[in-house]
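Asker: Residue 2 is where the sequence shown starts when you use our numbering, and the numbers rise one by one after that.
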Amino acid sequence: MKILVIGSGGREHAIARKFIESDAVSDVYCLPGNPGMSNNGIKSVGIDITNWIGMTTFVRENDIDWTFVGPEIPLIDGITDFFREENLVIYGPSKAAAQLEGSKEFAKQVMASANIPTANYQTFTDYRTALDYMTHQSFPIVIKANGLAGGKGVIIAQDLSEATDALRSFLVQQQFNTTEVLIEEYLDGEEFSLMAFIDRDKVYPMPISQDHKRAFEGDNGPNTGGMGAYCPVPQISEDVVTESIDKIVQPTADEMMKRGIPFTGILYVGVILTKDGPKVIEYNVRFGDPETEVVLPRLKTDFALVISKLLQHESPSLQWETEGITLGVVIAADGYPENPVKNITLPNLSDFKSLSNRIDFAGVKLVDKKLVSAGGRIYIMHKSGVDMADAQQKLYRLIADFEAHKTFYRMDIGYRANLK
Ligand code: AMP
Ligand code: GLY
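This is the structure:
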């Protein structure tokens, strides 16, 4: 089998690496990919991610059996519909179904129709009206730009002054190219990521994970694309996971069927366990990043065969590691997320070779055959341990051996599992 993965980050590296482990797979290409992936024999394809015609030509010329989409933007823009019209096999939700991530308003409507627990909210387009509403609310309160903002369009305002600043930047300065905000009730509780393969009305959950969105230790500093993750999450009980599947994931799949827009692909639900039970904070229509980098290593069955089965609407065989815990820590450029240092020289790619199953590259490029940073999040390293303390000890030792200048990472990834 020959597989194409679309995307270029740590998530796509983890996905492609898992595919290439399969005995049924001869070649894995990643488009555009990154040079770090070559340590695992993954071939990068120099075609732009927005060049869909170029992609389909590549797929035909290279006899690719099927394509797997990593990031949300092509899904929301309708890449799966485009491939299917071209009679090519692709895994991921349709453009209509991808609105679950692309439009927070659509997601809220789906949840309301299916009685899925989530935060109360109101939508606004007018700055004055929003401000007026806000003066009658209690704090903290959550302000979200509608549409895609790469995890950065969410402000948790502690008081009216912070809320006013957020409204001004979203509605007046239109920082995220949207003219709509959602003002949402603040949900208090432990957060976790629940991902599942969805095939129309069938739901195949993965073990849960937890991301660390803030830049600095103790969950301080600005929101980022994720500074680390771990799987599973021992402080969340099996009962809560079961309740979340029964009250959130299955009803979401069923509601999409009812609306005539069946969901086929990966559904990611960001959940907060409140005192009234699990509630949804967001849907994504693809694998989470960096969650994937710690969840997929725990899949014991052949991932390429799992996706092949799902593409035929058959039940996949899914067996997950049940022992221990897998931890992942992101190494980022100094100044990330606001103003990351550019073009940091990294250790040679060959120096990372012995660790090729412990590392997923994200923002890297080759300049004169040297590995150089190309973005805020550079790579993620991951390792399993018998428990969190063991995983932390082993992983942080590994990371220290490869530390590059002008980079940083959080020293406390996984700390919430130790609070249990
Ligand atoms: P989102 O982009 O919707 O995933 O939001 C980013 C982060 O903001 C989430 O992972 C939560 O940590 C936080 N967040 C979003 N909505 C809420 C909410 N209603 N209550 C509390 N925290 C929230
Ligand atoms: N880790 C959060 C996300 O993938 O959106």
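The beta-carbon is built from N, C-alpha and C at its ideal position, and this holds for glycine as well.
1. Please work out which residues of its chain come closer than 8 Å, Cβ to Cβ, to P348, disregarding the five sequence neighbours upstream and downstream, and give them in chain order.
2. Would you decide whether G34 is buried or exposed? Buried here means 16 or more other CB atoms lie within 10 Å of its CB.
3. On the three-pair Cβ rule with 8 Å, is the segment 81 to 93 touching the segment 222 to 240?
4. Please return the same chain residues whose Cβ sits closer than 8 Å to the Cβ of Y397, not counting the five positions on each side in sequence.
5. Can you look up V26 in the DSSP assignment and give me helix, strand or coil?
6. On the DSSP bridge assignment, give the partners of S210 in chain order.
7. When you measure from the CB of V155 to every non-hydrogen atom of the ligand AMP, does any distance come out below 7 Å?
8. Could you tell me whether the segment 191 to 203 touches the segment 377 to 389, where touching means 3 or more Cβ pairs closer than 8 Å?
9. Ignore the nearest five residues each way along the sequence and tell me which others in L399's own chain have a CB closer than 8 Å to its CB.
10. Starting from N221 and walking both ways along the beta strand (DSSP E), at which residues does that stretch end?
11. Are S23 and F304 close, meaning C-beta to C-beta below 8 Å?
12. Quick one: grab the DSSP three-state call for A98.
13. Quick one: is the Cβ of Y269 within less than 7 Å of any heavy atom of the ligand AMP?
14. Under the three-state reduction of DSSP, which class applies to P279: helix, strand or coil?
15. Here's the rule: buried if 16 or more other CB atoms are within 10 angstroms of the residue's CB, otherwise exposed. What is Q159?
16. Are the CB atoms of Y122 and E163 nearer to each other than 8 Å?
17. Specify, as a first and last residue, the run of the beta strand (DSSP E) that I308 falls within.
18. So I7 and I50 are supposed to be a Cβ contact under 8 Å. How far apart are they, rounded?
19. Give me the Cα-Cα distance between D388 and G55, rounded to the nearest whole angstrom.
20. Classify V26: buried if its beta carbon has 16 or more other beta carbons within 10 angstroms, exposed otherwise.
21. What's the gap between the Cα of T124 and the Cα of L268?
22. Could you give the DSSP three-state label for D160: helix, strand or coil?
23. If we count the other Cβ atoms within 10 Å of its Cβ and call it buried at 16 or more, is R85 buried or exposed?
24. Per the contact definition of three or more C-beta pairs closer than 8 Å, is the segment 110 to 119 in contact with the segment 244 to 260?
25. Let's test the definition: count the other Cβ atoms within 10 Å of the Cβ of F69 and tell me whether it reaches 16, buried, or not, exposed.
26. What's the C-alpha gap between N1 and N344?
27. Do E87 and T57 have their CB atoms nearer than 8 Å?
Answerer: So, to answer that:
1. L372, F403, A405
2. Classification of G34: buried, given that the 10 Å Cβ count is 16 or more.
3. no
4. Result list for Y397: V330, M412, in chain order.
5. coil
6. S194
7. yes
8. no
9. L356, R359, M382, K384
10. 221 to 224
11. yes
12. coil
13. no
14. strand
15. Its Cβ having fewer than 16 others within 10 Å, Q159 is exposed.
16. no
17. Counting along the chain, I308 falls outside any beta strand (DSSP E), though it belongs to the alpha helix (DSSP H) covering 304 to 312.
18. 7 Å
19. 46 Å
20. Buried is the call here.
21. 24 Å
22. coil
23. exposed
24. yes
25. buried
26. Outside the displayed range of the chain (2 to 421) lies residue 1, so it cannot be described from this structure.
27. It is a contact, given that the beta carbons lie within the stated cut-off.
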